[in-house]
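Report on one structure; see the data block that follows.
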Amino acid sequence: MYVIQQLINILQLGSIYGLIALGYTMVYGIMRLINFAHGDLFMVAGFLSFILAAYFKFPFLPTLLICMVVVAMMGVLIERLAYKPLRKAPRVSVVITALGIGLFLENFVLLFYPYPQNVPTLIPRITWNIGGATISYLQVLIIGLALFLMLTLDLIVNHTMVGMAMRAISWNRVVVGLMGVPVDRVISITFALGTGLGAVAGVMYSQAFSVIDPYMGIVIGWQAFICAVIGGIGNIRGAILGAYILAAAQILVVMVMPSTYRDVVTFTLLLVFLAFRPYGILGKPAVEKV
Amino acid sequence: MKTDEKSGVQSPISYLRDHRGATGNNKLIVWIVLIVGFALSFAIPQFNIVNGYIQTIIMYVGINIILTASLNIVNGYMGEFSLGHAGFMAIGAYVASLLTLHVFPSSSSFFFFPLAVIAGGLGAALVSLIVAIPSFKTRGDYLALITLAFTYIVKSVIENIAAIGGPRGIVGIDKLTTLPWVFFWTVLSVWIMRNFVYSNFGRGVLSLREDEVASRLMSVNTQQVKFLAFALSSFFAGVAGALFAHLLQYINPNVFDISKSVDVLLMVYLGGIGSIGGSILGATIYTVLLEVLRPLGMFRMVLMPLLLVFLMIYRPRGIMGLRELRWLVPGQELKIVKRWRRKKVVNDANPAS
Amino acid sequence: MPILQAKNVTHYFGGLCAVSDFNLSLEKGELVGIIGPNGAGKTTIFNLITGVYRASQGQSSIKLNDVELVGKAPNEITDLGVARTFQNIRLFKDLSVLDNVRIAFYSQANYSFWEAVSCLGRYSREEERIADLAMDLLATFNLEGVAEEVSKNLPYGLQRHLEIARAIATHPKLLLLDEPAAGMEPAEIDQLMEFIRWIREKFDLTILLVEHQMRLVMKICERIQVLDFGVTIAEGSPAQIQNNAKVLEAYLGTEGVR
Amino acid sequence: MLSVQNLTVSYGMIRAVKDISFEVQEGEIVALIGANGAGKSSTINAISGILPYGGNIIYRGHDLHRMSPDKIVELGIVQVPEGRGIFGNLTVLENLRLATWQRKNKAEVAKDLERVFGIFPRLRERVKQLGGTLSGGEQQMLAVGRAIMTHGQLMLLDEPSMGLAPVLVQEIFDVLKEINQAGMTILLVEQNANMALHVAQHGFVLETGKIVITGTGPELIENTHVRDTYLGG
Amino acid sequence: KSSAALTIPIGLNAELTGGLPVVGASCKNAALMAVKEVNDAGGLTVGGKQYQIKLFVEDNGYKADQSVAVQQKLITQDNVVAIVGPNASVMAVPASEIAESSKVLMISPWSTNPNTTIDSKTGQPKKYVFRACFIDTFQASVDAKFAMNKLGAKRVAILYDLGNDAFVGQSTFFKNTFTQLGGTITDVETYTTGDKDFSAQFTKIKASNPDLIFLPSMYNEAPVQIKQAHALGIKVPFLGTDGWSSQDLITLGGKDVEGCFFSAHYAPDIATPIAQKFIADYKTAYGAVPDDVAALCYDSFGLLFQALKTAGKVDRQAVRDALATIPNYQGVTGTMQFKEGSGDPIKSAVMLQIKNGKFVYYSTAEP
Ligand SMILES: Nc1ncnc2c1ncn2[C@@H]1O[C@H](COP(=O)(O)OP(=O)(O)OP(=O)(O)O)[C@@H](O)[C@H]1O
Ligand SMILES: Nc1ncnc2c1ncn2[C@@H]1O[C@H](COP(=O)(O)OP(=O)(O)OP(=O)(O)O)[C@@H](O)[C@H]1O
Ligand SMILES: [Mg+2]
Ligand SMILES: [Mg+2]
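Heads up: the sequence lines are chains A, B, C, D and E, in that order. Okay, so the first sequence: first residue is 55 according to the working numbering, each after it adds one. Okay, so the second sequence: first residue is 81 according to the working numbering, each after it adds one. Okay, so the third sequence: first residue is 752 according to the working numbering, each after it adds one. Okay, so the fourth sequence: first residue is 267 according to the working numbering, each after it adds one. Okay, so the fifth sequence: first residue is 659 according to the working numbering, each after it adds one.
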């Protein structure tokens, strides 16, 4: 029962990481941009869901949909205003801009909500008992959603024209236009999808942990970034895989040794792992023909 | 001495062109600045020319210059994206503080403090191997992850060692960091990093940023270069950490979290990558601006990131952007073509030699 | 004794055999061309010689003056005396022309890290020496006027010249040129031909050349080896190659050389 | 069909193309030749909407000014860019498929795909290989193949023969003639003036951003200046 | 008339942004209230003259280096007579070094780390550093005794934040006291600041089968933690420390925190008249029940004003000396008086229970 419970824990934590990591990977895969504002958009989604649920008494599904749409629009807007002018600039300039946007979002939300908030429960608290271990409806939902979104995204990116265009943009943006592809629109779709996913993560997270604060995007955002890279950044399936691996590592370490060693051991394992697979699980080194 | 024999091609910004025409008498100005600065660094605390608060900020500026310039070696000159500077800083801070607290006698700190600072730097440089070795195999965002993981590891290791205070940190560190010391270390660090950047090794680092494959095929020992760049960069992060600890008089693992790395990162890119002068400006402007905007209270933290974003949009390469302040470039470097021409004229005149 | 001796060199990309049982022997001072259809494995051979790719070990052997190159790092191989240019120009784009050349002097700078950071000892003397050498080299290539220009702003032809200058700065015995005439018009190709002959004399080089411009290959190569699908299909003097039926079919085309 | 009037292209302070005008008639092959850095690519890129420019470019009555590249493709102008511009992370097939972004008719797309594979059998062998690992020649075939898949009426080719084996250069030019006969108008930028002028009905010689000589293909071949510098005496 | 008014500059060094904005906000609210009360009443009479209090509020951003800069700014630029704050020990310890070396009185409302007031070099108390709260060791032993004697716990598991020095200290002291009393610690688990998922730790704790869980954590963490524990089927009670004492604990925790106990600095429901007035005023001004930090911060100002009056002159040294010898100050958080030659007050702790969505007084622990 103990082990089963921990396995469920791994699945839940991994799914939460995964939902955010997907957004990172998505935007990275296309724009070669580590969107460090992603964690904060996730946070914004959490607060939005709080506002909708607490003040306007929206039920779950509308809340989720509105959050997705609004945050996706924010993502697109941020891309238009802050990243697009930097299309010709070095890659890091955009990364730094993203960091700046992230800091701005955090502190902006902080102006209005300096106190942590309690998000109303929108999902019925049903729990099942499996041989002493408990699993809730919410957990099942989160896990299912993570896997579903991963498969959907994978389908979009690898098997549709838009996905193909996205991958082509990541290689050579100018030439994509010469193929008759509206580059700006594809980039907007990418950001909409990526941040929309972050919004899903934000809403589900707020339901799972109920307490939200303006800084929650940072910690979990960095962790999700790590997941995306372990999986091979830019790779959709890799993101989910990386998320479950990081979650498993963190929880297993706690299981077998004092939890004070959790970070040391997890991150050392990570370094060792990268020494053998320098480009993550499913990542490939950029093909470069000399 | 503009040489325009070629036609048709002009360069938009040629970073060398910017210090073309620089002459030897810059040297004089530099010396004057140094001497006056050093004298002031003694006089200010002695005669309280400015108040303690401003003195503290000046010292932060100095320490931040060291941090920024050293991170610029890896992030700007080598073109990597390291997120682990706070980790190296932590190592420097801990090593130096433990030495001044428990090993060195506190009586002759004038002699021992620099030793402790150097030891802090060396400690950080040694540990930087952990990051340098994976960098032989991978780069870019994967290396960013490695450095990020490294920060977590450093923090967590310190938290787990009760003997060095664990999460409670180290208290009661002597306030050995003074204005003259900060001035001295800042000048020394900038000078050494400048020398490195304009040496054979520095050019090797630059070539890595431009094209790693080509640079190996042009005989650059990339492993050596990466190793040196990481070691030097972390050494000075360690030095800055040591100075920081002896200014704060208290350190704990939380002081060196990712947000510290992010701060330094922002200063580097604000000032401009691949430019020591940029680092000096970036660190100064960022640190001073944060203080100047203090009266805005909460809005300060909303305004600062916005300013940064605007700056990035209008100057994507930072304030200096690959260019260098003229007086930071070694005179020798500026005169290569001129000297060579003169020599050639002489040689052509007497072919016997 | 041959300066370069490659035996049974084989290389796979996944399942694709890009080079198979390649043999080559170069005498000192020779100028040899490798031609062959696109994708025949020519660039791959350059990459194998210079250590960018590692030839499948065990059977392959590439010896420079009897020193085995297989298994060595690219910079070690360069230090042993092999230099190259690239099919797609790979200059250090944002650096000045002078710096491009000075970087290639990396292993010839005789001063330590400590001397560098302290500006002491041999540092200044060596820096001056390298700078002068680099300038001399640029002057030999008529590039001294653009020494301080950022290399990406040079016209294409000059970039090709700079690549060669940079390669020569590493002090090679063997120079590998990968399509040096790509994108040049006939008048320029003629100049380039003279230029290649001239550097061979001046720097005492052995040259191995890959090129699709027959105008150049047929005029300056003393010997030509033809590759197809990673396999050598013909070898000989330009005249022999031009009339080789296999080569005509696989590479030159029915109209032959124009 | 295409009319370029007083075209000027600048990079910051540098003017790469200085006030040139020319026309391309329906069904023609027009060659644009010139040395390195003459401004050939700049001209082509301006037409494709990648570069901002001064002057007017009119295509079948549409003013292309400030039009985005994808809109221009929609009008029927396709470009085979210099350096081929293959998407290295996409397979050969995906590269070809992407070029059909604006095409709705699946059956025609399939037919064109067969046509491309018919012209370049090598591509059929490599459908699953990543574009980035193709050899130079293979990439060039793919680039031309892609342009065919886009199904435009005016094809701009930027140095299609660069880095190709002689036999392939011939092949490519044969293919160009073939697709031209099938109705495609072609604006061909070439260093290989010899080949280009032999297939072209008209030609322009560009030197440091200006058109210095204009004429029909045979006229240019006979021109002494052209003979000396571009045809190699 | 304003130009003629005499003023006393006082500094507030608070964590208004960063990880603990609630603490900073409460502290600032209480400070503004305390100052306003005095000023509205015509000012403070010191040495026969009426002074207006001028408050300099500075944000330390919850960062140690900024805390130092702010402290320097208040002392050397704003020339304050004394400083209240910072609250969190990570900020308070380095700030205390500045206060000590500048010989400026500093009162930390809420820093419970022993090192804040102790000079670790000599082991002697710092001369210029005071606090308005009890210290971690005392609190932890109060909790341990309470767990054993009042709640009858024999087997206790602990979960704490490894990145927070206050909680690390509290856990260690709790563990020591509790085992000395004959209890068993079944499991000790940790996490890192900012973690949101504690399921692995609680699953492990559940397996160790405790009858109480000691949870020294923040008001914004404890609700999440307790909810997760409940979701995992843990039914034993939780015991917390002063980090819990914010109304937010209840807002965030709802039913899940019902019935839990924690040690605190004061009990809003059995307050003395002084405290009741404070609570009422605070409620009118800010619409919320003041938490521990607010109460302690208010008391810090009370102590300071008292010391100023006693000193009879606006002088840093005099104020410090007056404060050190203040007899039985009646504050919101109880009666306090500083130990001989120490900056730590002698004061009691209270145990509170959460009942019907309110903090309810349970018992008092005398020092
Ligand atoms: N990194 C790689 N991964 C997979 N296949 C590769 C890689 N590099 C080259 N190839 C394949 O190996 C074969 C030989 O390539 P190579 O670049 O050596 O050809 P080449 O003879 O230089 O052709 P070209 O004249 O067009 O430059 C080609 O079919 C190419 O697709
Ligand atoms: N991005 C750029 N920035 C600055 N100058 C440029 C840029 N691109 C091209 N140029 C300059 O514009 C001029 C014309 O370039 P263009 O590429 O159009 O020439 P081209 O005729 O196509 O030459 P090539 O045969 O080498 O392809 C050249 O002098 C070139 O150096
Ligand atoms: Mg090749
Ligand atoms: Mg061109």
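For glycine and all other residues, C-beta sits at the position ideal for the given N, C-alpha and C.
* **Contact under 8 Å by Cβ, V657/E with P667/E** => The structure shown has nothing for residue 657/E, since chain E only spans 659 to 1025.
* To do: Evaluate Y248/D with the Cβ neighbour count: other Cβ atoms within 10 Å of its Cβ, from every protein chain shown; 16 or more gives buried, anything less gives exposed.
  => The displayed coordinates of chain D run from 267 to 499. Any statement about residue 248/D would go beyond what the structure contains.
* Considering only residues of the same chain and omitting the five flanking positions on each side of A196/B, which have a CB-CB separation below 7 Å? -> A176, L179, T180, F184 and A322
* Is the region 850–870 of chain E touching the region 262–272 of chain A in the sense that three or more CB pairs, one from each, lie closer than 8 Å? -> Below 8 Å, enough C-beta pairs join the region 262–272 of chain A and the region 850–870 of chain E to call them touching: three or more.
* Asked: the region 381–392 of chain B: which residues have C-beta closer than 8 Å to a C-beta of chain A, in chain order?
  -> Against chain A - using a Cβ distance shorter than 8 Å - the residues of the region 381–392 of chain B are M381, V382, M384, P385, L386, L388, V389 and M392.
* To do: Return the CA-CA distance between G101/B and R406/B, expressed in angstroms with no decimal places.
  => Here G101/B scores only 37 on pLDDT, less than 50, and its place in the model should not be relied on; the value that follows carries that caveat. Their backbone Cα atoms lie some 9 Å apart in a straight line.
* Chain-ordered chain A contacts of V339/D [CB-CB under 9 Å] -> G231, L232, M233, G234 and V235
* To do: Grab me the residues of T482/D's own chain with a C-beta within less than 7 Å of its C-beta, minus the 5 sequence neighbours each way, in chain order.
  => Q467 and H468
* To do: Using 7 Å as the cut-off, classify the Cβ of H456/D as near or not near the heavy atoms of ligand 2, replying yes or no.
  => Per the sequence presented here, residue 456/D reads as Glu, with His not at that position. No, ligand 2 has no heavy atom inside 7 Å of this Cβ.
* To do: Answer yes or no: the CB of F764/C versus the heavy atoms of ligand 1, is any distance below 7 Å?
  => Answer for F764/C: yes, Cβ within range of ligand 1.
* To do: On a CA-only basis, which of Y1002/C, E878/C and I915/C is nearest V833/C? Give me that one, please.
  => Nearest to V833/C by alpha-carbon distance, out of Y1002/C, E878/C and I915/C, is I915/C.
* Would you decide whether Q748/E is buried or exposed? Buried here means 16 or more other CB atoms lie within 10 Å of its CB. => With the sequence shown as reference, residue 748/E is identified as Val, and Gln is not the correct amino acid for it. Answer is buried; the Cβ neighbour count reaches 16.
* Cα-Cα separation between M384/B and F158/A, rounded to whole angstroms -> 8 Å
* Give the single residue among L755/C, G780/C, C768/C and I786/C whose Cα lies nearest to the Cα of Y1002/C. => I786/C
* To do: Taking only heavy atoms of ligand 4 into account, decide whether any of them is closer than 7 Å to the Cβ of K903/C.
  => no
* Asked: When DSSP labels each residue in this structure, what does C768/C get in the three-state scheme?
  -> strand
* **Counted within 10 angstroms of its Cβ, other Cβ atoms place F963/E as buried (16 or more) or exposed** => Under the 10 Å beta carbon count, F963/E is surrounded by 16 or more other beta carbons and is classified as buried.
* Is T794/C near ligand 1, in the sense that its beta carbon is under 7 Å from a heavy atom of that ligand? -> Indeed, a heavy atom of ligand 1 lies less than 7 Å from the Cβ.
* Asked: Mind checking if V319/B is an interface residue toward chain A, Cβ cutoff 8 Å exclusive?
  -> no
* Could you pull the start and end residues of the beta strand (DSSP E) that F110/A belongs to? => Where F110/A is concerned, there is no enclosing beta strand (DSSP E), given that its DSSP letter is neither H nor E.
* chain A contact residues for V803/C, given Cβ-Cβ distances below 7 Å -> V344
* Using a C-beta cutoff of 8 Å, does V254/A count as contacting chain E? -> no
* So, helix, strand or coil for W182/A, using DSSP? -> strand
* Run through DSSP, which three-state label would G677/E get? -> coil
* Asked: Do T463/D and I452/D have their C-beta atoms within less than 8 Å of each other?
  -> The sequence shown places Leu at residue 463/D, rather than the Thr named in the question. Contact flag unset, no.
* Spatial neighbours of S435/B within its chain, please: CB distance less than 8 Å, with the 5 preceding and 5 following residues excluded, ordered by chain position. => Only positions 81 to 433 of chain B appear in the structure, and residue 435/B is not among them; the question remains open.
* **Proximity of T453/B and G164/B at Cβ, strictly below 8 Å** => For residue 453/B there is no data in the structure shown, the boundaries of chain B being 81 and 433.
* Asked: Among residues of its own chain, excluding the 5 on either side of V344/D, which ones have a beta-carbon nearer than 6 Å to its beta-carbon?
  -> Apart from the 5 residues on each side of it in sequence, V344/D sits with its Cβ closer than 6 Å to the Cβ of A413, T416, G418 and M421 in its chain, given in chain order.
* **Proximal residues to A946/E (C-beta, below 7 Å), its chain only, five neighbours per side dropped** => Q905
* Can you say whether H182/B is buried or exposed, counting buried as having 16 or more other CB atoms within 10 angstroms of its CB? => exposed
* Asked: Roughly how many whole angstroms lie between the Cα atoms of Q988/E and A925/E?
  -> 15 Å
* Is there a Cβ from chain E that is less than 8 Å from the Cβ of M309/A? -> yes
* Asked: What in chain D is Cβ-close to F764/C, meaning under 9 Å?
  -> T399
* Asked: Is G129/A near ligand 6, judged by its Cβ being under 7 Å from some heavy atom?
  -> Ligands displayed in this structure: ligand 1, ligand 2, ligand 3 and ligand 4; ligand 6 is not among them.
* Start and end of the beta strand (DSSP E) containing N671/E? -> Segment L664 to A672, the beta strand (DSSP E) holding N671/E.
* Measure the C-alpha to C-alpha separation of I800/C and L297/B and round it to an integer number of angstroms. => Whole-angstrom Cα-Cα distance: 11 Å.
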